[in-house]
Amino acid sequence: MRCIVTGGAGFLGSHLTERLVAMGHSVVVIDDMFRGKKKNVEGCKGMPDYYLMMGDAANRDIYEKASDKMGGVDCIFHLAAINGTRWFHERPDFVIQVNLDTLRTALDFAKVRGARFVFTSSPEAFGEQPEMPLRNDSESLFSAAEKHGRHSYGASKYLGEILVQHAVKEHSLDARIVRPFNGYGPRLPGDSYGQVTGIFLKQCHTGETITIHGDGEQTRSFTWVEDIVEGIQMAGELDQGIDGSNLAGAAFNLGSAEEISITDLAQICLEITGSNSEIEFQEVGHPGDSQRRLPDLSTSELMLGWSANVSLRQGIESCWRWQKAEQR
Ligand SMILES: NC(=O)c1ccc[n+]([C@@H]2O[C@H](COP(=O)([O-])OP(=O)(O)OC[C@H]3O[C@@H](n4cnc5c(N)ncnc54)[C@H](O)[C@@H]3O)[C@@H](O)[C@H]2O)c1
Numbered sequence: 003m004r005c006i007v008t009g010g011a012g013f014l015g016s017h018l019t020e021r022l023v024a025m026g027h028s029v030v031v032i033d034d035m036f037r038g039k040k041k042n043v044e045g046c047k048g049m050p051d052y053y054l055m056m057g058d059a060a061n062r063d064i065y066e067k068a069s070d071k072m073g074g075v076d077c078i079f080h081l082a083a084i085n086g087t088r089w090f091h092e093r094p095d096f097v098i099q100v101n102l103d104t105l106r107t108a109l110d111f112a113k114v115r116g117a118r119f120v121f122t123s124s125p126e127a128f129g130e131q132p133e134m135p136l137r138n139d140s141e142s143l144f145s146a147a148e149k150h151g152r153h154s155y156g157a158s159k160y161l162g163e164i165l166v167q168h169a170v171k172e173h174s175l176d177a178r179i180v181r182p183f184n185g186y187g188p189r190l191p192g193d194s195y196g197q198v199t200g201i202f203l204k205q206c207h208t209g210e211t212i213t214i215h216g217d218g219e220q221t222r223s224f225t226w227v228e229d230i231v232e233g234i235q236m237a238g239e240l241d242q243g244i245d246g247s248n249l250a251g252a253a254f255n256l257g258s259a260e261e262i263s264i265t266d267l268a269q270i271c272l273e274i275t276g277s278n279s280e281i282e283f284q285e286v287g288h289p290g291d292s293q294r295r296l297p298d299l300s301t302s303e304l305m306l307g308w309s310a311n312v313s314l315r316q317g318i319e320s321c322w323r324w325q326k327a328e329q330r
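Start counting the sequence shown at 3; every next residue gets the next number (our numbering).
The following block contains the structure:
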């Protein structure tokens, strides 16, 4: 396949790119390096049929150039977005703009070229839906906009799914949707704009206090990065589901069935790293943070034959080895 991966120098995108290149696919990465890093895709440098294009995925011209490099495009994996909870609160305007503008440009290009499309949505597209597990027909529930900007991200993913479904129905686009559930692994940002697993492991490494927002009872389904990118790759590569179903318009939750509280995650990080960091609970949690996030996996299992394989302990151990090597 000739693939474009937007956001391909980011956390998930770089692992996906490595996987696609290793499988012999041609890949052009489009990334403006807002949070991506050249270092993330260093392993692909010099590989035949791999190219990195630094630029804005909301700009149509860059897709033309990417396609020219490969003599056409078969599949666009759209991962470019503003991710990281702090951004959702601080710059909701920017989050909405980037997430929707990049998607619309990528979708339009796929429509014109007849390329397959994989949209990376999120469980946050369901907002604060309390009923678990999250199914494809679960309703999205967002709190009043005057309260906070948190749902700039989730709502952009919700609107993104609407745009994708519209393109499938009205323009016969062969588009599929994936929803990663709290991916973690090497390269996950651990700075204050990062994600919880990266932040906790960094705090363990430096001996800083581990900060938990709220009471720590909120749960997540942390999912090993390689498991997630396998699901994304399959969603793009399969012509039809393994059960013979049409995949256009199908949506896949890519999450572990292992649900764990944030406090337990912190404990596991402490155990595995042997760190003496203290745990501190910050009373004010992230407003709009959902209490639970558990995937219904029936569609992913049935149509892709996908399920997560790596346990949280195995995954955290691998991350810790990476973190130590990285900061040596
Ligand atoms: N990591 C997860 O667990 C998770 C969960 C649900 C959904 N997602 C989605 O998966 C995708 C990848 O997430 P990630 O965790 O790797 O985040 P990330 O921030 O590491 O990757 C996003 C990439 O997009 C790039 N980007 C941002 N704006 C751009 C623009 N205008 N043009 C080109 N590139 C741009 C960034 O530089 C970055 O490299 C995102 O769409 C995210 O919303 C991720």
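In this text, a Cβ means the ideal position worked out from N, Cα and C, and glycines have one as well.
| query | result |
| --- | --- |
| Residue span of the beta strand (DSSP E) that contains Y195, given as start and end | First-last for Y195: undefined, no H or E at that position. |
| Pairwise C-alpha distance: E219 and L60 | It is worth fixing the name first, because residue 60 is Ala in this sequence and not Leu. The straight-line gap from Cα to Cα measures roughly 38 angstroms. |
| Assigned secondary structure, A310 (DSSP; H/G/I helix, E/B strand, else coil) | coil |
| Contact set for Y186: own chain, Cβ-Cβ below 6 angstroms, skip 5 residues either direction | T199 and F224 |
| Reference D291, options H168, E66 and F144, closest by Cα | F144 |
| Contacting residues, own chain, Cβ-Cβ under 6 angstroms from V231 (five flanking each side not counted) | H17, L18 and R21 |
| T104: CB within 7 angstroms of a non-hydrogen atom of ligand 3 | For ligand 3, the structure offers nothing, since it holds only ligand 1. |
| Reduced DSSP secondary structure (H/G/I, E/B, other) of M25 | coil |
| Other residues of its chain near I331: CB distance less than 6 angstroms, five sequence neighbours each side excluded | What the structure shows of the chain is the stretch from 3 to 330, and residue 331 is not part of that stretch, so it cannot be assessed. |
| Q124 CB to nearest heavy atom of ligand 1 below 7 angstroms | The sequence shown places Ser at residue 124, rather than the Gln named in the question. Result yes, Cβ under 7 angstroms from ligand 1. |
| Alpha-carbon spacing of P289 relative to T213, whole angstroms | 16 angstroms |
| Run of the beta strand (DSSP E) containing P182, from where it starts to where it stops | A177 to P182 |
| Any non-hydrogen atom of ligand 1 within 7 angstroms of N255 CB | no |
| Under 8 angstroms between C-beta atoms of M335 and V30 | Any property of residue 335 remains undetermined from this structure, which presents the chain solely from 3 to 330. |
| Closest residue to Q167 among K113, I270 and M25 (Cα-Cα distance) | K113 |
| Backbone secondary structure at M305 - three-state DSSP | helix |
| Span of the alpha helix (DSSP H) around H153 | H153 to H173 |
| Endpoints, the beta strand (DSSP E) within which L54 is located | Y52 to M56 |
| Burial state of L304 (16 or more Cβ within 10 Å) | exposed |
| Endpoints, beta strand (DSSP E) assigned at T122 | R118 to T122 |
| G9 CB to nearest heavy atom of ligand 1 below 7 angstroms | yes |
| Identity of the residues DSSP links to I262 by a beta bridge | R222 |
| Among D95, L81 and I64, nearest to L105 - alpha-carbon criterion | L81 |
| Reduced DSSP category for E282 - H, G, I as helix; E, B as strand; rest coil | strand |
| Residue burial classification, L280 (beta-carbon count within 10 angstroms, cutoff 16) | It should be pointed out that residue 280 corresponds to Glu in this sequence rather than to Leu. Exposed, because fewer than 16 other Cβ atoms sit within 10 Å of the Cβ of E280. |
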